[in-house]
Structures are given as structure tokens and as C-alpha cells.
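Before any comments, here is the structure.
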Amino acid sequence: MKCFVLLCLLSFASLASTPARTEAVVSPAWVFEAMKGLMDSPQAPRVIIIEASWAKLADAKEYRAGHLPGALHLNTDELEDGAPTWHLRKPRELHRVLGALGITPETTVIVYSHQTIAAARIWWVLLYAGVRDVRLLNGGVTAWQAAGYPVETKINKLTPTRFTGRVNHQWRATTAYVKTHLRNRDKQLADARSHEEFIGAVSGYDYMKMKGRLPGAVAIGDADDAARLYVNADGTLRDPREIMAQWQAAGLVPEKHELIFYCGSGWRSSLTFLYAWLLGFERIRNYSDGWSGWSTVYLRDSRAQGSTPGWRQRRSANPIVSGKP
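So this is what it looks like as C-alpha cells:
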């Protein structure tokens with residue numbers, strides 16, 4: 024998905040314990056104090072703040088215009104398998120990318136972004152990949168600057184390392200997993216796309232042809248920043264209790280079901296997963312491949328043009344429904 028995310032990295036010693044769920048989202052003041060404390064203490068844990076964007080470093084205009092001090096740039100394309108699917112890379116490939124940034128499983132990583140869903144996506148990818156302590160800067164660089172903290176334009180890099188973390192498979196749903204449990208009453212599919220996508224009026228993506236939804240899915244509202252259902256106008260997160268009320272009204276019952284969140288390709292669903300995480304729910308998964316992985320098979324075809332040149336899109340054999348529930 025073509026979104027901006029920022030990942031900044033500050034290299035210090037190593038934060039060890041896994042934070043409480045409610046500590047996953049942090050304020051600019053918290054980040055500033057963490058930076059100051061780390062620099063003052065030789066025994067402090069190692070912290071990496073990440074600013075990522077859907078762009079190579081040479082084209083990352085927002086990063087070059089100003090980022091948190093010490094921030095590293097990450098091109099989000101490095102976490103995905105590219106056109107035409109834009110699915111998450113395999114764990115060993117994710118570990119290679121994280122190691123190249125200097126991240127280890129023990130690193131405390133703070134992520135922020137100009138788009139909340141992008142920051143949430145990176146937060147979830149790092150959690151899934153095996154980073155034990157991942158924090159999201161609430162409101163991103165906008166909130167950071169509004170609080171009066173400085174930015175810099177220096178291009179930062181760290182010494183690469185080898186990432187050997189344990190993948191947290193329990194936080195992800197694969198297409199095979201969803202197919203196996205599609206009729207399982209213990210599971211609930213939560214669709215974080217727009218109403219038009221949910222009823223099959225549009226695919227929601229300029230490169231994707233298939234329209235519709237997964238059978239039995241519950242519409243929980245579009246988690247895109249622009250919809251303003253999950254984020255405030257300033258880009259900060261809403262109160263998780265408000266989101267819980269929104270979900271209950273839609274028909275989600277987290278107390279009785281494992282929740283499987285999905286959207287088109289895992290970005291919006293990462294934000295809904297984050298809210299479920301903050302609310303303390305244990306039985307939650309992000310169906311990262313989402314509607315793309317469920318609905319579409321991409322076949323090599325040199326004659327194919329359109330939105331996926333060189334690839335022909337075919338409807339998968341998975342069941343699809345459309346129209347109003």
C-alpha cells in the first residue's frame with residue numbers, strides 16, 4: 024500500500040521488559056524524556072525511533088524536510104513483496120530488513136508517521152516479526168513539533184546487525200487460517216474497509232479488480248485516516264473506549280470470539296488490531312493479506328495491461344459475497 028510511515032532510530036544501550044498494553048502508544052513528552060534519559064545514562068536501554076515512507080531515501084521529501092533527531096528512514100516497500108500483490112514479506116526477509124536498520128529483538132523501537140494507519144502498520148509488523156517493545160508516537164511528527172520539540176534534516180544510519188527474533192505467528196491470520204475457520208462460530212471477521220468496499224461497489228484500490236467481502240464479516244467502519252472514524256482530526260488516536268463502543272454497536276463480541284481484522288492489504292486492519300491490543304484483548308489476529316489475498320490470484324501474462332501490467336487478475340476460488348448484509 025502506498026502510504027507514508029516514519030521510523031526514527033536512536034541508538035543507546037537496551038530496554039528489556041515488554042511494556043504494558045496501554046504503554047504501546049506514547050506522547051511526544053514521553054519520547055523526549057526517553058531520549059534525554061537514555062543520553063544521560065550509560066546503562067540505558069537501546070532505543071530506535073523509526074520514520075518510514077513509501078519512497079526511497081532519495082525521494083523521501085518529508086524525511087529530508089525534517090524528522091525527529093536521530094531518526095532513520097525506512098522505505099516501506101522493503102517490508103512488502105511489491106507489485107502486484109503488495110503482501111507482507113516472509114519472516115526471514117523482514118528480519119533481514121530489521122537487521123539492516125540495526126534493530127534486534129531487544130531494541131525498543133518507536134514508530135511515527137504522517138499517516139496513522141501507516142504508523143500502526145509498521146508497529147504491527149515489528150510486533151509480528153519479534154520485536155519485544157514497540158511504541159507508536161501518538162500524532163507523529165506533527166504532534167512532536169506542536170509540542171515545541173526540534174527536528175533535524177541530517178541523514179542518519181546505524182551499524183547493521185543480525186536480527187534473530189521469534190516470529191509471533193499468533194498475531195497474524197493467513198489465508199489458509201481464515202479458510203479453515205471461516206465457518207467457526209468462535210471467530211469473528213472484522214472488516215475495516217469503507218461501506219462501498221464492504222458491499223462490493225468498489226474494490227478500494229486502483230490496482231485491484233475484485234469486489235466484495237468475506238462471508239460473515241462484520242463492518243466495523245473505515246479505518247483510513249481520512250474517514251475520521253479511528254483518528255482525530257489532528258492525527259492522534261481516539262479513546263479506545265470509544266472504539267469499543269463503536270465495535271459493540273456493529274456487532275463485535277471480543278469477549279466471546281477471536282477477532283480477525285482485515286482490510287485490503289493489512290494497513291487499516293493494523294490500526295484496528297492496535298486498538299484491540301490497547302483494549303487488552305488476547306485473541307486477536309491481523310489478516311495481513313486481506314481482501315487482496317482472499318479474492319485475487321495474479322497470473323503472469325506478458326500481454327496483460329491495465330492496473331497490473333504483466334499480470335492477469337483472476338478471481339480466487341474462495342467464497343465472496345457482496346451487497347448489503
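End of the sequence shown = 348 in the numbering used here, gap-free, step of one.
Cβ coordinates follow ideal geometry from the N, Cα and C atoms, glycine included.
Checklist entry - Taking all protein chains shown into account, do 16 or more other C-beta atoms lie within 10 angstroms of the C-beta of Asn207, making it buried, or fewer, making it exposed? => result Stepping through the sequence shown from its first residue, residue 207 is reached at position 184. Answer is exposed; the Cβ neighbour count stays below 16.
- Task: Return the chain-ordered list of same chain residues with a C-beta closer than 6 Å to the C-beta of Trp53, the five sequence neighbours on each side being excluded.
- Result: Start at 1 with the first residue of the sequence shown, and residue 53 comes out as number 30. Nothing meets the Cβ criterion.
Exercise. Starting from the C-beta of Pro238, find all residues in its chain whose C-beta is less than 6 Å away, skip the five residues before and the five after it, and write them out in chain order.
Key: Working through the sequence shown from its first residue, we reach residue 238 at position 215. Closer than 6 Å at Cβ, skipping near neighbours: Pro342, Val344.
Measuring alpha carbon to alpha carbon, tell me which residue in Pro128, Ile283, Glu74, His218 is nearest Thr41. Residue mapping note: residue 41 aligns to position 18 of the sequence shown, counting from 1. Nearest option by C-alpha distance: Pro128.
Exercise. Going by alpha carbons, who is nearest to Arg195 out of Ser288, Gly125, Ala142, Val254?
Worked result: As a first step, residue 195 must be located in the sequence shown, where it is residue number 172. For the residues Ser288, Gly125, Ala142, Val254, the minimum Cα distance to Arg195 belongs to Ser288.
Next item on the list: May I ask you to list the residues that DSSP assigns as paired with Asn207?
Entry: Mapped onto the sequence shown, residue 207 falls at position 184. Paired residues: none, contrary to the question.
Next item on the list: Just confirm the distance between the C-beta atoms of Val134 and Ile145, as a whole number of angstroms; I'd bet it's less than 8 Å.
Entry: In the sequence shown, counting from the first residue as 1, residue 134 sits at position 111. In the sequence shown, counting from the first residue as 1, residue 145 sits at position 122. Sure, about 5 Å apart at Cβ, within 8 Å.
Quiz prompt | Leu212 - partner residues in DSSP beta bridges | solution = Counting from 1 along the sequence shown, the entry for residue 212 is found at position 189. Bridge partners of Leu212: Ile283.
Query - Close beta carbons around Asp349, own chain, < 7 Å, minus the five adjacent residues each side - result: No statement about residue 349 is possible, as the shown extent of the chain runs from 24 to 348 and does not include it.
* Asked: Would you call the CB atoms of Ala47 and Leu301 closer than 8 Å?
  -> The residue labelled residue 47 in the question sits at position 24 within the sequence shown. The residue labelled residue 301 in the question sits at position 278 within the sequence shown. Closer than 8 Å, so yes.
Measuring only the C-alpha atoms, how far is Val70 from Asn191?
Sequence index remark: in the sequence shown, residue 70 carries index 47 (1-based). Sequence index remark: in the sequence shown, residue 191 carries index 168 (1-based). Their backbone Cα atoms lie some 21 Å apart in a straight line.
- Query: Which parts of the stretch 240-314 are runs of the alpha helix (DSSP H), unbroken and 4 residues or longer, counting only runs that do not cross its ends?
  - Reply: Here the runs fully enclosed are 263-273, 291-301.
* For Asp324, which residues of its own chain have a beta-carbon under 8 Å away from its beta-carbon, when the five flanking residues on both sides are left out? -> Indexing the sequence shown from 1 puts residue 324 at position 301. Within the same chain, Asp324 has close Cβ partners Gly333, Trp334, Arg335.
Alpha-carbon spacing of Pro183 relative to Trp314, whole angstroms: Taking the first residue of the sequence shown as position 1, residue 183 is located at position 160. Taking the first residue of the sequence shown as position 1, residue 314 is located at position 291. The C-alpha of Pro183 lies about 35 Å from the C-alpha of Trp314.
Identify which residue in Asp262, Gln211, Met233 has its Cα closest to the Cα of Ile243. Working through the sequence shown from its first residue, we reach residue 243 at position 220. Here the closest residue by C-alpha is Gln211.
*asked:* Runs of 3 residues minimum, wholly inside the stretch 57-137: which ones carry the beta strand (DSSP E) assignment?
replied: 70-76, 95-98, 131-135
For the beta strand (DSSP E) that contains Val157, what are its first and last residues? Taking the first residue of the sequence shown as position 1, residue 157 is located at position 134. 156-160 is the span of the beta strand (DSSP E), which, as asked, contains Val157.
**Prompt:** From Val148 to Gly346, what distance separates their C-alpha atoms?
**Reply:** Taking the first residue of the sequence shown as position 1, residue 148 is located at position 125. Taking the first residue of the sequence shown as position 1, residue 346 is located at position 323. Those two C-alpha atoms are separated by around 32 Å.
* Between the Cα of Ala272 and those of Asp156, Ala75, Gln193, Val241, spot the shortest distance and give me the residue it belongs to. => Translated into positions along the sequence shown, residue 272 becomes position 249. Closest option to Ala272, Cα to Cα, is Val241.
Query - Residue from Ser330, Arg112, Arg306, Ala327 with nearest C-alpha to Pro277 - result: Here residue 277 refers to the residue found at position 254 when the sequence shown is read from its first residue. Residue nearest to Pro277 within the set Ser330, Arg112, Arg306, Ala327 is Arg306 (criterion: CA-CA distance).
Original post:
What are the residues that DSSP puts in a beta bridge with Pro322?
Top reply: The residue you call residue 322 lines up with position 299 of the sequence shown. Per the sequence shown, the amino acid found at residue 322 is Leu instead of Pro. Bridge partners of Leu322: Arg335.
Fill in: Beta-carbon gap between Ala142 and Gly125 smaller than 8 Å
Taking the sequence shown and counting its residues from 1, the one referred to as residue 142 is at position 119. Taking the sequence shown and counting its residues from 1, the one referred to as residue 125 is at position 102. Going by C-beta atoms, Ala142 is not nearer than 8 Å to Gly125.
If we ignore side chains and look at the alpha-carbon of each, how far apart do Asn98 and Gly235 end up?
Counting from 1 along the sequence shown, the entry for residue 98 is found at position 75. Counting from 1 along the sequence shown, the entry for residue 235 is found at position 212. Taking the straight line joining both Cα atoms gives about 30 Å.
Cross-strand partners of Glu175 (DSSP beta bridge): Position 152 of the sequence shown, counted from the first residue, corresponds to residue 175. Answer by DSSP bridge pairing, in chain order: His90.
May I have the straight-line CA-CA distance separating Tyr253 from Asp245, to the nearest angstrom?
-> Within the sequence shown, the letter at position 230 stands for residue 253. Within the sequence shown, the letter at position 222 stands for residue 245. Answer to the nearest angstrom: the Cα atoms are 8 Å apart.
Open item on the list: On the DSSP letters alone, give me the boundaries of the alpha helix (DSSP H) that Gln328 sits inside.
Closed with: By 1-based counting over the sequence shown, the position of residue 328 is 305. According to the DSSP assignment, Gln328 belongs to no alpha helix (DSSP H), since it is labelled neither H nor E.
- Task: List the DSSP bridge partners of Val344.
- Result: Counted from its first residue, the sequence shown places residue 344 at position 321. Partner(s): Arg236.
Open item on the list: Between Asp82, Thr131, Val320, Lys79, which has its C-alpha nearest His110's C-alpha?
Closed with: Position 87 of the sequence shown, counted from the start, is the residue given in the question as residue 110. Comparing Cα positions, the closest option is Val320.
- [ ] Measure the C-alpha to C-alpha separation of Trp304 and Gln328 and round it to an integer number of angstroms.
- [x] Numbered from its first residue, the sequence shown carries residue 304 at position 281. Numbered from its first residue, the sequence shown carries residue 328 at position 305. One point to set straight first is that residue 304 is Phe, not Trp, in the sequence displayed. Their Cα atoms are separated by approximately 44 Å.
Rounded to whole angstroms, what's the CA-CA distance from Ile178 to Ala78? Just pull it up for me. One-based indexing of the sequence shown puts residue 178 at position 155. One-based indexing of the sequence shown puts residue 78 at position 55. One C-alpha to the other measures close to 15 Å.
Of the choices Pro92, Ser226, Leu117, Leu80, whose alpha-carbon is the least far from that of Ser318?
-> Position 295 of the sequence shown, counted from the first residue, corresponds to residue 318. The shortest Cα separation from Ser318 among Pro92, Ser226, Leu117, Leu80 belongs to Ser226.
Q.
So, with DSSP's three-state summary, where would you put Val48?
A. Counted from its first residue, the sequence shown places residue 48 at position 25. Reduced to three states, the DSSP call for Val48 is strand.
- Item | Separation of Met233 from Ser217, as counted between CA atoms | Along the sequence shown, one-based indexing puts residue 217 at 194. Along the sequence shown, one-based indexing puts residue 233 at 210. Their Cα atoms are separated by approximately 15 Å.
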